[in-house]
Amino acid sequence: KGDTVMIIEAMKTMNHVPSTSDGVVKEICVEDGQPIEFDQKIIILE
């Protein structure tokens, strides 16, 4: 909980996204550099 689980680039700014719960990353659902949409699943925590 609280560790950075991903970095999202928005408007040339890198945003560190912390985990909101304890666990490990089970699956990464997007490719590096792939554009994402609002409410899109990016990772799955277990």
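Residue numbers (the working numbering): 5 to 50.
Where a beta carbon is used, it is the ideal one built from N, C-alpha and C, also for glycine.
As assigned by DSSP and simplified to three states, the class of Thr24: Reduced to three states, the DSSP call for Thr24 is coil.
Could you pull the DSSP bridge partners for Met18 from this structure? Checking the DSSP bridge columns, you'll see Met18 partnered with Glu13.
From this set, Phe42, Met10, Pro39, Ile32, which residue's C-alpha is nearest Thr24's C-alpha? Residue Met10 is the option with its Cα nearest to Thr24.
Which residue from Asn19, Asp7, Met18, Lys30 puts its Cα closest to that of Glu50? Looking at the Cα atoms, Lys30 is the closest of the given residues.
Cut-off 6 angstroms between Cβ atoms - residues of its own chain near Asn1, not counting five sequence neighbours on either side: Any question about residue 1 goes unanswered here, given that the chain covers just 5 to 50.
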